[in-house]
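J.: Numbering (the working numbering), first residue to last: 3 to 166.
Built from N, CA and C at the ideal position, the CB exists for glycine as well.
Quantities reported herein were computed from a predicted structural model and do not represent experimental measurements.
Got a structure for you, written out below as structure tokens; questions coming shortly.
Here it is, written out as structure tokens:
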């Protein structure tokens, strides 16, 4: 039976392949296919999420440097693909889901004492928040969209070493 490190490596290879194929599909305006590939990326990452929540998680530095950015990229790709298809409400839902997913993972990081890891997590969260800001600027006149996105914009990312 392969060890955890091998499984994580295999999942990340699958993730990279799906992102690459999804990006090619997106560039070719095959947005539905791109959506499927980007969703597959998130499904693959769920296997790693289980390892992170286990009794013997991967190193924190790897989570911050590899896993969280993969989650952010996967969600932002899905958001962009949905926007390209004019599925703005779904794009907003995905952005909120992605933000919550990163916050959930980040909560563990903020219990540690390594401030450099905390700063990187905040950087990743700010990428999602920036995307939220751009969408609010474009579609904020729609009350439903504004309500969804304001759940991110009104979130304090870090205070007293905890995620809110």
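Using the Cβ count rule (16 or more neighbours within 10 Å means buried), how would you classify residue 17?
T.: Answer is buried; the Cβ neighbour count reaches 16.
J.: Using the C-alpha atoms, what's the distance from residue 73 back to residue 104?
T.: 7 Å
J.: Determine the burial state of residue 109: buried for a count of at least 16 other Cβ atoms within 10 Å of its Cβ, exposed for fewer.
T.: Per the 10 Å Cβ criterion, exposed.
J.: Look at residue 83 and residue 135 and say whether their C-beta atoms are less than 8 Å apart.
T.: no
J.: Candidates 36, 11, 155: which alpha carbon is nearest residue 102's?
T.: Measuring from the Cα of residue 102, the nearest candidate turns out to be 155.
J.: Is the distance from the Cβ of residue 40 to the Cβ of residue 89 below 8 Å?
T.: no
J.: Applying the 10 Å Cβ sphere with the 16-neighbour rule, what's the burial state of residue 76?
T.: buried
J.: Out of 143, 133, 58, 51, state which residue places its alpha-carbon closest to the alpha-carbon of residue 96.
T.: 133
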